[in-house]
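The next block holds one structure in the form of structure tokens; read it before the comments.
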Amino acid sequence: MAEATTVERSSYVQSFKKLRIAKLINERPEFRKLRRKNTFWKEVSEAMAVRERIKDLLIRDPSHVVIDACSGKGFLTTLVGLMHPKTKVISVDIDEGADREHLKYLKNVEFINMDIMSEEFEKLVRDAGEKVILTGIHLCRDLSERFIELVNRYDNVKLAVLMPCCEGKFPREKYQFIIDELGVYEGWCCYLKDKFSQDLKVRIKRDKKVISPKNVVITAERES
Ligand SMILES: C[S@@+](CC[C@H](N)C(=O)[O-])C[C@H]1O[C@@H](n2cnc3c(N)ncnc32)[C@H](O)[C@@H]1O
4 MAEATTVERS SYVQSFKKLR IAKLINERPE FRKLRRKNTF WKEVSEAMAV
54 RERIKDLLIR DPSHVVIDAC SGKGFLTTLV GLMHPKTKVI SVDIDEGADR
104 EHLKYLKNVE FINMDIMSEE FEKLVRDAGE KVILTGIHLC RDLSERFIEL
154 VNRYDNVKLA VLMPCCEGKF PREKYQFIID ELGVYEGWCC YLKDKFSQDL
204 KVRIKRDKKV ISPKNVVITA ERES
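Residue numbers (the working numbering): 4 to 227.
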């Protein structure tokens, strides 16, 4: 009951339900299995939060390439792939065993089995085109730091949206005030925000419309 109330309260869920693709995900057998997961609405809210932050750029210029780092089964990849059919979406994850059959039905989507810590991933980001959008939902510990490292390093990454997950090693003393006031997760997220290069426009927000306690979203924009 509490779960249902939380789901109903999320305006991302409400917005998703109004989309044409919500019907498609509900009805088409290749996507319907995504709905069977009991974490479905949480994933919807997370993916909608990220899509909300990249959609204006994609609507203006669909030629951006979206790289969804540590994509899991690829719900964000699916959402962006369906809503932006002219945009190429590359879904990257180290785990090749997960069921990603649904991605094969999306002509503009490619799954690549890869470690984001590797040289190959670095090359993938660097060579993906002049305009890249990097996304990462719930990247734990050094995966978030690696994400930021690549955003800082490659000028072709025009926009990055990161929702961090479990905290790694960081100088807690420096963020003690935030930790005391808001908790370790917020301290970790502020540390990550500070790791983005100074020439990027970085925003951080706890997005309460995301149904997950790990709901801080960091957005980094590179002026063209
Ligand atoms: C917490 S899950 C998040 C999945 C997805 N982004 C989501 O929100 O549903 C973390 C994902 O990171 C992937 N992963 C872990 N280490 C990785 C690495 N070094 N390179 C690429 N993917 C990795 C895991 O396989 C897993 O799918």
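Beta carbons are placed, not taken as given, at the ideal position from N, Cα and C, and that holds for glycine.
Secondary structure note for Asn116: its beta strand (DSSP E) is the uninterrupted segment 112 to 116. Residue Leu142 holds the alpha-carbon nearest to the alpha-carbon of Gly75 among Ser14, Val135, Met51, Leu142.
Relative to ligand 1, the beta carbon of Asp197 is positioned no closer than 7 Å to any heavy atom. According to the DSSP assignment, Leu137 belongs to no alpha helix (DSSP H) but to the beta strand (DSSP E) extending over 135 to 142. The C-alpha of Gly100 lies about 12 Å from the C-alpha of Ile115.
The region 151 to 164 makes contact with the region 51 to 59: 3 or more CB pairs, one atom from each, lie closer than 8 Å. Taking C-beta atoms as the reference points, Val160 and Leu146 fail to come closer than 8 Å.
When the Cα atoms are used, Arg175 and Gly190 turn out to be separated by approximately 7 Å.
With a threshold of 7 Å, the Cβ atom of Val95 counts as near ligand 1, since some heavy atom of the ligand is closer than that.
If you check the C-beta of His141 against ligand 1, you find a heavy atom less than 7 Å away. Shown here, Arg39 sits in coil according to DSSP, grouped into three states, outside any helix or strand. Of the candidates Leu106, Ser200, Ser94, the residue whose Cα lies closest to the Cα of Phe124 is Ser94.
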